[in-house]
Amino acid sequence: MLYVGLDIHAKKVAICVLDDNGKRHDRCCVRQIDQLMRYLEALPRPWQVCYEASTGYGMWFELLKPAADRVVVAHPGLLRLIFRSKKKNDRNDAEKLAKLLLVDQVPAVHVPAPDVRAWRELITFRRKLIEKRTRVKNSLRGLLRTVGVTAPRKPGLWTQKGVAWLASLEFDQSLHALKRDLLIDELHSINERVRRVEKELTRFSRNNSSVAQLRTIPGVGLRTAEAFVAFLDDPRRFAHSKQVGAYFGLVPCQDQSGNTNRLGHITRDGSSTVRQLLVEASWTAVRRSPTVKAYFERITRGDKGRKKIAVVATAHYLTRVMWAMLKHGKPWQETILAQAA
């Protein structure tokens, strides 16, 4: 068995090949994908390959999978914890990956199917569009404050009537009017793109039973459910619910030594898109679900200053519940109501 480590970059790929004894079989560098594939296919069989997850990691996985006996994609964050070297270069990185593969100690990441990867990308793209739209709205509000104009409370500023009112405003300075017109044009453009993205996401999620299952939770809408399902992918890859909370970065940082155990802010690992949607869904679930409200109030302890801590803890709670629902194929059940009955 040969063990191949690849350090992949946009313009070159460093290759290191080790044999069963850990001795270097070969080391080289190629600049094109077809050169890499010709080199790998010429290696004596069997061989395994390992590379670090980065942009396009899914494409490389699909490319290497038919040729290799095994493909392992390494977690870049955990690799930095394993290798803390002051002498870092592409050839050394490739050799380190090959050595980890040899001893079967690669901190691997899950590689979803191509359609799931595309689903994730579109969900993330929607969030970026929403953020861009928010910036445009804030710019328009800032413009109104600059000229001393207060927007009417009814209709809402971002309704059709509200935007029409904004477009009809007369400014003393033509430069302000130009800025207003361009921002409104940008707002319309982003709204149209958001509608197109959401239409496609809805079409893709329409017949997904897992998405429908999560939507039985009060406060969890289509966008939150589809994002959770897409980034979770296979619930069976997690042994217990604590791993799911850590995967989405909703567990606190920990510094424990002896009798001292310090807990800090959440780790914020994983998808920030899913984490944001889960927190938003938690606020709604607190209002709509007696079970979630009871959990939220238990964390707040009647202290309004703990609301932010409580809503993040509630998002973590929802994450564990959603994973369990998908793993066991059960819908949401209100436990508080069941106890009262």
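So the sequence shown is numbered by the numbering used here: it starts at -5 and just counts up by one. In this text, a Cβ means the ideal position worked out from N, Cα and C, and glycines have one as well.
Cβ-based neighbour list, G239, same chain, cut-off 7 Å, excluding 5 preceding and 5 following:
Position 245 of the sequence shown, counting from 1, holds the residue named residue 239. Counting only Cβ-Cβ distances below 7 Å, and skipping sequence neighbours, we find V245, H310, T313 and R314.
Do the stretch 64 to 71 and the stretch 40 to 48 meet, that is, are 3 or more Cβ pairs less than 8 Å apart?
yes
Confirm, please, whether the CB-CB distance from D20 to V7 is below 8 Å.
Counting from one through the sequence shown, the residue named residue 7 turns up at place 13. Counting from one through the sequence shown, the residue named residue 20 turns up at place 26. No, these two residues do not count as a Cβ contact at 8 Å.
By DSSP, does H19 sit in helix, in strand, or in coil?
The residue labelled residue 19 in the question sits at position 25 within the sequence shown. Three-state result, H19: strand.
Beta-carbon spacing of F225, V268 below 8 Å
Against the sequence shown, residue 225 aligns to sequence position 231. Against the sequence shown, residue 268 aligns to sequence position 274. Yes, the pair counts as a contact, with Cβ atoms nearer than the cut-off.
Using a 10 Å radius around the Cβ and a threshold of 16 neighbouring Cβ atoms, would you call M53 buried or exposed?
The count along the sequence shown starts at 1 and reaches residue 53 at position 59. For M53, the number of other beta carbons within 10 angstroms of its own is below 16, and it is reported as exposed.
Cα separation between R300 and E291?
Position 306 of the sequence shown holds residue 300. Position 297 of the sequence shown holds residue 291. So the alpha carbons of these two residues sit roughly 10 Å apart.
What whole-angstrom Cβ distance do G215 and L96 have, given they're in contact under 8 Å?
Counting from 1 along the sequence shown, the entry for residue 215 is found at position 221. Counting from 1 along the sequence shown, the entry for residue 96 is found at position 102. About 47 Å separates the two Cβ atoms, so there is no contact after all.
Cα-Cα separation between A158 and L123, rounded to whole angstroms
For the purposes of this step, residue 158 is taken as the residue at position 164 of the sequence shown. For the purposes of this step, residue 123 is taken as the residue at position 129 of the sequence shown. C-alpha separation (whole angstroms): 22 Å.
Out of R25, E56, F55 and D13, state which residue places its alpha-carbon closest to the alpha-carbon of L37.
Along the sequence shown, read from residue 1 onward, the residue named residue 37 stands at position 43. Selected option, being the one with the closest Cα: D13.
Verify whether the separation of the beta carbon atoms of V130 and L181 is less than 8 Å.
Walking along the sequence shown from the start, residue 130 turns up at place 136. Walking along the sequence shown from the start, residue 181 turns up at place 187. In contact: V130 and L181 (Cβ atoms closer than 8 Å).
Check each candidate in Y289, R114 and T329 and name the one with the smallest Cα separation from F222.
As a working note, residue 222 is residue 228 in the sequence shown. Out of Y289, R114 and T329, R114 has the C-alpha closest to the C-alpha of F222.
Quick check on this structure: which residue in R147, L177, I117 and V191 has the alpha carbon closest to the alpha carbon of L337?
The chain is shown from -5 up to 335; residue 337 falls before or after that span and cannot be answered.
Can L0 and L73 be called in contact, C-beta distance under 8 Å?
For the purposes of this step, residue 0 is taken as residue 6 along the sequence shown, with counting starting at 1. For the purposes of this step, residue 73 is taken as residue 79 along the sequence shown, with counting starting at 1. Taking 8 Å as the Cβ cut-off, L0 and L73 do not qualify as a contacting pair.
In whole angstroms, what separates the C-alpha of A161 from that of R127?
For the purposes of this step, residue 161 is taken as residue 167 along the sequence shown, with counting starting at 1. For the purposes of this step, residue 127 is taken as residue 133 along the sequence shown, with counting starting at 1. Straight-line Cα distance between these residues: approximately 17 Å.
Do you know whose CA, among K81, G50 and R39, lies nearest I27's CA?
Taking the sequence shown and counting its residues from 1, one reaches residue 27 at position 33. Cα-wise, what sits closest to I27 is G50.
Which whole-angstrom value is the C-beta distance of L116 and V191, which I expect to be below 8 Å?
As a working note, residue 116 is residue 122 in the sequence shown. As a working note, residue 191 is residue 197 in the sequence shown. Indeed they touch by this definition, with Cβ atoms about 6 Å apart.
Leaving out five residues before and five after G213 in sequence, what residues of the same chain have Cβ atoms less than 8 Å from its Cβ?
To locate residue 213, count along the sequence shown from 1; it is residue 219. Here the set comprises A275, S276, W277, T278, A279, V280, R281, R282, S283 and V286.
How far does the alpha helix (DSSP H) with L91 in it extend, from its first residue to its last?
As a working note, residue 91 is residue 97 in the sequence shown. Segment D84 to L96, the alpha helix (DSSP H) holding L91.
I think Y33 touches I9, with their Cβ atoms under 8 Å apart; what is that distance to the nearest whole Å?
For the purposes of this step, residue 33 is taken as residue 39 along the sequence shown, with counting starting at 1. For the purposes of this step, residue 9 is taken as residue 15 along the sequence shown, with counting starting at 1. About 7 Å separates the two Cβ atoms, so the contact holds.
Could you compute how far the alpha carbon of V306 sits from the alpha carbon of A107?
In the sequence shown, the residue the question calls residue 306 occupies position 312. In the sequence shown, the residue the question calls residue 107 occupies position 113. Looking at the two C-alpha atoms, the distance is approximately 30 Å.
Quick check on W152: does DSSP put it in helix, strand or coil?
Position 158 of the sequence shown, counting from 1, holds the residue named residue 152. In this structure, W152 counts as coil in the three-state DSSP scheme.
Cβ-based burial, T308 [other Cβ within 10 Å; buried from 16]
Counted from its first residue, the sequence shown places residue 308 at position 314. Buried.
If the criterion is Cβ atoms closer than 8 Å, does the pair M(-5) and P40 meet it?
As a working note, residue -5 is residue 1 in the sequence shown. As a working note, residue 40 is residue 46 in the sequence shown. At a Cβ-Cβ threshold of 8 Å, M(-5) and P40 count as neighbours.
Just the Cα atoms here: how many angstroms apart are I303 and W317?
In the sequence shown, the residue the question calls residue 303 occupies position 309. In the sequence shown, the residue the question calls residue 317 occupies position 323. Taking the straight line joining both Cα atoms gives about 21 Å.
To the nearest angstrom, how far is it from the Cα of Q237 to the Cα of D263?
The residue you call residue 237 lines up with position 243 of the sequence shown. The residue you call residue 263 lines up with position 269 of the sequence shown. Just so you know, the alpha carbons of Q237 and D263 end up roughly 12 Å apart.
Contact set for A334: own chain, Cβ-Cβ below 7 Å, skip 5 residues either direction:
Taking the sequence shown and counting its residues from 1, the one referred to as residue 334 is at position 340. With a pLDDT of 47 at A334, under the threshold of 50, the modelled position of that residue is not reliable, and the figure given next carries that caveat. Nothing listed; no residue qualifies.
Reduced DSSP secondary structure (H/G/I, E/B, other) of V43
In the sequence shown, counting from the first residue as 1, residue 43 sits at position 49. Reduced to three states, the DSSP call for V43 is strand.
Beta bridge counterpart(s) of C10 as assigned by DSSP
In the sequence shown, counting from the first residue as 1, residue 10 sits at position 16. In the DSSP output, where bridge partners are listed per residue, C10 has G(-1) and R21.
Is it buried or exposed for S199, if we count other Cβ within 10 angstroms and need 16 for buried?
Counting from one through the sequence shown, the residue named residue 199 turns up at place 205. Flag for S199 reads buried.
Below 8 Å on the Cβ atoms is my contact criterion, and I expect V100 with D227 to pass it. Report the Cβ-Cβ distance as a whole number of Å.
To locate residue 100, count along the sequence shown from 1; it is residue 106. To locate residue 227, count along the sequence shown from 1; it is residue 233. The pair is not a contact, with the Cβ atoms about 19 Å apart (cut-off 8 Å).
For T210, I'd like the list of residues in its chain whose CB is within less than 6 Å of its CB, leaving aside the five on either flank, ordered along the chain.
Residue numbering aside, residue 210 sits at position 216 when the sequence shown is read from its first letter. Answer for T210: P325 and W326, listed in chain order.
Compute the beta-carbon to beta-carbon distance between R120 and L195, rounded to the nearest angstrom, for a pair I have assumed lies under 8 Å.
In the sequence shown, residue 120 corresponds to position 126, counting from 1. In the sequence shown, residue 195 corresponds to position 201, counting from 1. Contact holds; Cβ gap of about 7 Å.
Whole alpha helix (DSSP H) runs in the stretch 247 to 329 with 4 or more residues, listed along the chain?
Counting only runs of 4 or more, we get 266 to 282, 284 to 294 and 301 to 322.
What are the start and end residues of the beta strand (DSSP E) that includes V66?
Numbered from its first residue, the sequence shown carries residue 66 at position 72. Element bounds for V66: R64 to A68.
Measuring only the C-alpha atoms, how far is S133 from K193?
Your numbering for residue 133 matches position 139 in the sequence shown. Your numbering for residue 193 matches position 199 in the sequence shown. The alpha-carbon atoms of S133 and K193 are separated by roughly 27 Å.
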